[in-house]
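What follows is a set of notes on a single structure, which appears directly below.
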């Protein structure tokens with residue numbers, strides 16, 4: 190199928206960070222035969238995680254307020270805004286409020302993280 194629609198209910202959310210309310214679920218990945226990934230991240234207020242990006246990533250905030258901290262400073266997005274992260278950037282993801290965020294990565298993030 191070349192045209193598909195997804196919501197957060199379609200994402201198989203799994204805890205990504207031990208002891209933090211950070212959940213990720215891919216809706217597009219290698220199972221679809223794709224080289225990119227699209228999924229949902231759900232963060233509870235105050236949840237955070239550090240990560241070094243090994244792929245290009247766009248984050249679309251659909252609920253709440255979300256901050257990405259890098260060596261360049263803090264960048265905060267509200268619902269309806271997008272943050273772009275380039276490969277090789279060390280970041281801390283921070284949920285300023287309960288958040289739902291759509292992530293789009295190229296290549297598929299789980300392969301690039303290996």
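In my numbering, the protein residues as written are 190 to 303.
Note that beta-carbon positions come from the ideal geometry of N, C-alpha and C, so glycine has one too.
DSSP places residue 221 outside any beta strand (DSSP E), giving it a letter other than H or E.
As computed with DSSP, residue 252 is found in a beta bridge with 289.
The beta carbon of residue 210 sits closer than 6 Å to the beta carbons of 233, 236 from its chain, once the five residues preceding and following it are set aside; these are given in chain order. In the three-state reduction of the DSSP assignment, residue 245 falls in the strand class, which pools E and B. Taking every protein chain shown into account, the CB of residue 266 has 16 or more other CB atoms within 10 angstroms, so this residue is buried.
Separation of residue 191 and residue 262 (C-alpha to C-alpha, rounded to the nearest whole angstrom) is 39 Å. Cβ-Cβ distances below 6 Å link residue 273 to 247 in the same chain, with the five nearest sequence neighbours on each side left out; the list follows chain order. Rounded to the nearest angstrom, the gap between the Cα atoms of residue 225 and residue 244 is 10 Å.
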